[in-house]
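To keep things clear, I will list the structure first and then write my remarks on it.
In structure tokens form, the structure reads like this:
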């Protein structure tokens, strides 16, 4: 991810997707949310002034409602920079459907996808695919596929690491 962001030859989509993967892991670590599609959630559930994010990421019936999660300044600063980069990238691509989708769906993390964009080892000529690009919610499957050539990690590793390190209850 770091190499893609620093690579002058990488196109804006490759850089955005690498940035999204970094924010995915940062969110897993800082927020201790589960790695569900669309994690960490919707923009409307995020209150930057109160530094709280409301999440409902548990699939079982043990918790029928979500929970507020405190947001650290570190995460908040990086998230704000990420959203600025995401918005700028979509504006630079000048694809109205992506702009409308970003506003309509309101998820916090996205990747830009095309059937030919499968991994970081498959460079794509942006001019050839620009008309068929889609915004997709960030997902563990995308991260796993993107990183599979370099590293294989368990999709929920940050949550388990944090819980074990802090000796937290398995109910959180």
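Residue numbers (our numbering): 1 to 172. Virtual Cβ for every residue (Gly too), placed ideally from N, Cα, C.
May I have the straight-line CA-CA distance separating residue i from residue j, to the nearest angstrom?
| i | j | result |
| --- | --- | --- |
| residue 143 | residue 131 | 24 Å |
| residue 139 | residue 35 | 7 Å |
| residue 147 | residue 113 | 15 Å |
| residue 10 | residue 109 | 20 Å |
| residue 46 | residue 136 | 19 Å |
| residue 58 | residue 24 | 18 Å |
| residue 31 | residue 50 | 15 Å |
| residue 80 | residue 44 | 15 Å |
| residue 78 | residue 29 | 13 Å |
| residue 141 | residue 105 | 20 Å |
| residue 85 | residue 91 | 10 Å |
Which residue marks the beginning of the alpha helix (DSSP H) containing residue i, and which one marks its end?
| i | result |
| --- | --- |
| residue 91 | 73 to 93 |
| residue 1 | No alpha helix (DSSP H) contains residue 1, which DSSP labels as neither H nor E. |
| residue 28 | 12 to 31 |
Is the beta carbon of residue i sitting closer than 8 Å to the one on residue j?
| i | j | result |
| --- | --- | --- |
| residue 19 | residue 74 | no |
| residue 53 | residue 107 | no |
| residue 193 | residue 17 | The first residue shown for the chain is 1 and the last is 172, placing residue 193 beyond what the model contains. |
| residue 89 | residue 12 | yes |
| residue 93 | residue 133 | yes |
How close, in whole Å, do the beta carbons of residue i and residue j come, if the pair is a contact with beta carbons under 8 Å?
| i | j | result |
| --- | --- | --- |
| residue 76 | residue 40 | Actually they are not in contact, since the Cβ atoms of residue 76 and residue 40 sit about 12 Å apart, beyond 8 Å. |
| residue 15 | residue 5 | 6 Å |
| residue 69 | residue 33 | 7 Å |
| residue 22 | residue 55 | With 8 Å as the limit, residue 22 and residue 55 do not qualify as a contact, their Cβ atoms being about 20 Å apart. |
Using a threshold of 7 Å, is the CB atom of residue i nearer than that to any non-hydrogen atom of the ligand SAH?
| i | result |
| --- | --- |
| residue 103 | Within the structure as shown, the ligand SAH is missing, as the structure has no ligands at all. |
Note the first and the last residue of the continuous beta strand (DSSP E) segment covering residue i.
| i | result |
| --- | --- |
| residue 134 | 134 to 137 |
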